[in-house]
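Engineer: Listed in order, the protein sequences are those of chains C and L.
Under this note's numbering, the first residue of the first sequence is numbered 1, with each subsequent residue one higher.
Under this note's numbering, the first residue of the second sequence is numbered 1001, with each subsequent residue one higher.
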Amino acid sequence: MLYTNLKHLESAADHQKAISENENVMVILGRMGPMCIPVYGIAEDLETEYKHVKFYDMEFDNPESYVIRNLPEVRGFMGIPFTIYYKNGKVVKATSSIQTREQVTAILDKEFAAVVTA
Amino acid sequence: MESNKHYDAIVIGAGPAGLTAGIYLSRARLRTLIINEGTVGGQMILTHEIANYPGVESISGYQLAGIMKKQAVAFGCEIRSNISIRNMELNEELKTIVLSDGSIYTTDGVILTPGGRSRTLGVPGEDHLKGKGISYCATCDGDFFTNKEIVVVGGGNSALEEAVSLTKYASKVTIVHQFDHFQAFEHAVEEARTNSKIHFVMESAITAFHGNENLEHVDIRNLKTGNLSRFKTDGVFIFIGYIPNTEFLKGKIELNQWGEIVVKNDMSTSIEGVYAAGDSIAKRFRQVTTAVGDGTVAALAVSNYLHELKAKQKQLITA
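#1: Expressed to the nearest angstrom, what Euclidean distance is found between the alpha-carbon atoms of Gly33/C and Lys1132/L?
#2: Rounded to a whole number of angstroms, what is the C-alpha to C-alpha distance between Thr117/C and Asn22/C?
#3: I'd like to know if Cys1140/L contacts chain C, where contact means its C-beta is closer than 8 Å to some C-beta of that chain.
#4: If I measure Cβ to Cβ from Phe1248/L and keep anything under 7 Å in the same chain, skipping five residues before and after, which residues do I get?
#5: So what does DSSP say about Ala1017/L, is it helix, strand or coil?
#6: For Val1008/L, which residues from the same chain have a beta carbon less than 8 Å from its beta carbon, with the 5 sequence-adjacent residues on both sides left out?
#7: In this structure, how does DSSP classify Pro81/C when only helix, strand and coil are distinguished?
#8: Counting C-beta neighbours from all protein chains within 10 Å, is the total for Ala1170/L 16 or more, i.e. buried, or is it exposed?
#9: Return the CA-CA distance between Ala1021/L and Ile1067/L, expressed in angstroms with no decimal places.
#10: Figure out for me which residue from Ile1175/L, Ala1299/L, Leu1121/L and Lys1069/L has the closest Cα to the Cα of Lys1197/L.
#11: Ends of the alpha helix (DSSP H) at Arg1284/L?
#12: Pair every Cβ in the region 1264–1281 of chain L with every Cβ in the region 1088–1106 of chain L, then say whether three or more of these pairs are closer than 8 Å.
#13: Any beta-carbon of chain C closer than 8 Å to the one on Glu1049/L?
#14: Please list the terminal residues of the continuous alpha helix (DSSP H) segment that includes Leu1121/L.
#15: For Tyr85/C, which option in Asp45/C, Arg101/C, Arg75/C and Leu108/C has the closest C-alpha, if you only look at C-alpha atoms?
#16: Considering Val1263/L, what are the terminal residues of the beta strand (DSSP E) in which it resides?
#17: Could you compute how far the alpha carbon of Glu1162/L sits from the alpha carbon of Asp61/C?
#18: Could you work out which residues of chain L lie near Met1/C, taking near to mean beta carbons separated by less than 8 Å?
#19: Per DSSP, which residues does Glu1149/L bridge with? Please list them.
#20: Excluding five sequence neighbours on each side, which residues of the same chain lie with their C-beta closer than 6 Å to the C-beta of Gly1142/L?
#21: Using a Cβ-Cβ cutoff of less than 6 Å, which residues in the same chain neighbour Lys1095/L once the five nearest sequence positions on both sides are dropped?
#22: Hey, would you say Ile1134/L sits closer than 8 Å to Leu1215/L, going by beta carbons?
#23: Output the boundary residues of the beta strand (DSSP E) element that contains Lys93/C.
#24: Contact criterion: CB-CB distance below 8 Å. Does Pro63/C meet it with respect to chain L?
#25: What residues in the region 31–46 of chain C bring their beta carbon closer than 9 Å to a beta carbon of chain L?
#26: For a contact meaning CB atoms closer than 7 Å, what does Ile1045/L contact in chain C?
#27: What in chain L is Cβ-close to Glu101/C, meaning under 7 Å?
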């Protein structure tokens, strides 16, 4: 069980719903380990700042996580967490292992740039 | 971004030492801010189970950190996490801290609790292949290397214990260590030496990682002969200890040869009004309980310092 403050995806159906109903989605697939926890913490912090992005986590050992583990974008990944960024249901970026806040925000800013209206 | 806000005390770091200091300072009704570069909890959150924290039979480090944070916030402590410090001026009586987002804070007292982090090799290819063959956590990533040949770097307890644990998955584990002997406890060395899957490359160091999509080879230099060889491997696990997060303090405060902050018994540092606590100070034992104790002492000492400072300032006004 992931005891983070993020919204949890418990099933493939949850995952499908999350990426189809939201334009910008970040999903962290991991365990409660030293490489994953810092990434959950970063996502928790960013939730208030990046309101146009939905943040979720999913347990790596949940059999339903095949929806992420079988993605072509994670082929060759050998370190958790797998962090997947979806735009309109499509994977736009995926990273493996621990990331810094700067690495995460660089991706969010590039892939999910908020539309600024004058 | 906030600017020009004043606090009685600022704590830099939100591990157990920093959170404890935050709890004590806020409860003493001192306006307190904790600034933390990473996730609140420090190294403590990386511990799966803490079973030796008095009063709590068993708890995960993540949960214990959450409770400490809640306590600190409940007493009025403010916390800014996942943000870095751009600049600090600690020598003056009124100390100034500038954050990476441009926020400027002033304070009368500072407690440094930046903690430590896993050491990396810092050689070419390491950043690029992290998570693609290079790992720092056997529990996290061991199963990706089932029936594969891997390398473990290091010679301390963590390296040898994790090498043994990785033999559950890997077909062969080669330990690469820079010295001709191990620093680990004898029983850990013995367990590794008697494991038929483990091989040893001593007095050697990895100098580069190679691979496109995934790690394919490493360069290993024999430190005695200088010979360089290319070694095929599916993965490398690095366990070469911890280093204090004190780079930002170099030249600003007294550090020892290992970069640890030198403190007196009351946790005061070489600068008046600046205290330090936790894993980043020069000491022998590093536990959550010792960090909590250090944080308590530092907070009480800062409270006392602030009380004396206010009395001194009052005297100057009335004189």
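The C-beta atom is built at its ideal place from N, Cα and C for all residues, glycine as well.
Only a predicted model underlies this, so the values are computations on that prediction, with no experimental measurement involved.
Structural biologist: So, to answer that:
#1: Along the first sequence, read from residue 1 onward, the residue named residue 33/C stands at position 33. Along the second sequence, read from residue 1 onward, the residue named residue 1132/L stands at position 132. Computed Cα separation, rounded: 17 Å.
#2: For this step, residue 117/C is matched to residue 117 along the first sequence. For this step, residue 22/C is matched to residue 22 along the first sequence. Confidence is the limiting factor: at Thr117/C the pLDDT is only 49, short of 50, which leaves the residue's position unreliable and the question unanswerable from this model.
#3: The sequence position of residue 1140/L within the second sequence is 140, counting from 1. Cys1140/L counts as touching chain C.
#4: Numbered from 1 along the second sequence, position 248 holds the residue referred to as residue 1248/L. Around Phe1248/L: Ile1085.
#5: Residue mapping note: residue 1017/L aligns to position 17 of the second sequence, counting from 1. The answer is helix: DSSP assigns Ala1017/L an H, G or I state.
#6: Numbered from 1 along the second sequence, position 8 holds the residue referred to as residue 1008/L. Looking at the sequence itself, residue 1008/L is Asp, so the reference to Val does not match. Excluding sequence neighbours, Asp1008/L sits near Leu1025, Leu1030, Arg1031, Thr1032, Thr1107, Asp1108, Gly1109 and Leu1306.
#7: Within the first sequence, numbered from 1, the residue matching residue 81/C stands at position 81. Of the three classes helix, strand and coil, the one that applies to Pro81/C here is coil, per DSSP.
#8: Residue mapping note: residue 1170/L aligns to position 170 of the second sequence, counting from 1. It counts as buried.
#9: Along the second sequence, read from residue 1 onward, the residue named residue 1021/L stands at position 21. Along the second sequence, read from residue 1 onward, the residue named residue 1067/L stands at position 67. Rounded to the nearest angstrom, the two C-alpha atoms are 14 Å apart.
#10: The residue labelled residue 1197/L in the question sits at position 197 within the second sequence. Out of Ile1175/L, Ala1299/L, Leu1121/L and Lys1069/L, Ile1175/L has the C-alpha closest to the C-alpha of Lys1197/L.
#11: Position 284 of the second sequence, counted from the first residue, corresponds to residue 1284/L. Careful: Arg1284/L lies outside any alpha helix (DSSP H) and carries neither H nor E.
#12: yes
#13: Residue numbering aside, residue 1049/L sits at position 49 when the second sequence is read from its first letter. So no, Glu1049/L is outside the interface.
#14: Along the second sequence, one-based indexing puts residue 1121/L at 121. From DSSP, Leu1121/L is part of no alpha helix (DSSP H); its letter is neither H nor E.
#15: Locating residue 85/C in the first sequence gives position 85, counting from the first residue. Among Asp45/C, Arg101/C, Arg75/C and Leu108/C, the Cα nearest to that of Tyr85/C is on Leu108/C.
#16: On the second sequence, residue 1263/L is found 263 positions in, with the first residue counted as 1. Per DSSP, Val1263/L belongs to no beta strand (DSSP E) and is neither H nor E.
#17: The residue labelled residue 1162/L in the question sits at position 162 within the second sequence. The residue labelled residue 61/C in the question sits at position 61 within the first sequence. Spanning the two alpha carbons is a distance of roughly 21 Å.
#18: Start at 1 with the first residue of the first sequence, and residue 1/C comes out as number 1. Going along chain L, no residue has its Cβ under 8 Å from Met1/C, so there is no contact; the nearest lies around 11 Å.
#19: Working through the second sequence from its first residue, we reach residue 1149/L at position 149. According to DSSP, which records beta bridges pairwise, Glu1149/L is partnered with Lys1172/L.
#20: Within the second sequence, the letter at position 142 stands for residue 1142/L. Contacts found: Leu1166 and Tyr1169.
#21: Along the second sequence, read from residue 1 onward, the residue named residue 1095/L stands at position 95. Taken in chain order, the residues that qualify are Thr1107 and Val1110.
#22: Your numbering for residue 1134/L matches position 134 in the second sequence. Your numbering for residue 1215/L matches position 215 in the second sequence. Yes, the Cβ-Cβ distance between Ile1134/L and Leu1215/L is below 8 Å.
#23: Stepping through the first sequence from its first residue, residue 93/C is reached at position 93. Element bounds for Lys93/C: Lys90 to Ser96.
#24: For this step, residue 63/C is matched to residue 63 along the first sequence. It does not: the Cβ of Pro63/C has no partner Cβ on chain L nearer than 8 Å.
#25: Arg31, Met32, Gly33, Pro34, Met35, Cys36, Ile37, Pro38, Val39, Tyr40, Gly41, Ile42, Glu44, Asp45 and Leu46
#26: The residue given as residue 1045/L occupies position 45 in the second sequence. Ordered by position in chain C, the residues that pass the 7 Å Cβ test against Ile1045/L are Ile37.
#27: The residue you call residue 101/C lines up with position 101 of the first sequence. Correcting the residue identity first, residue 101/C is Arg in this sequence and not Glu. The contacting residues are Asn1082.
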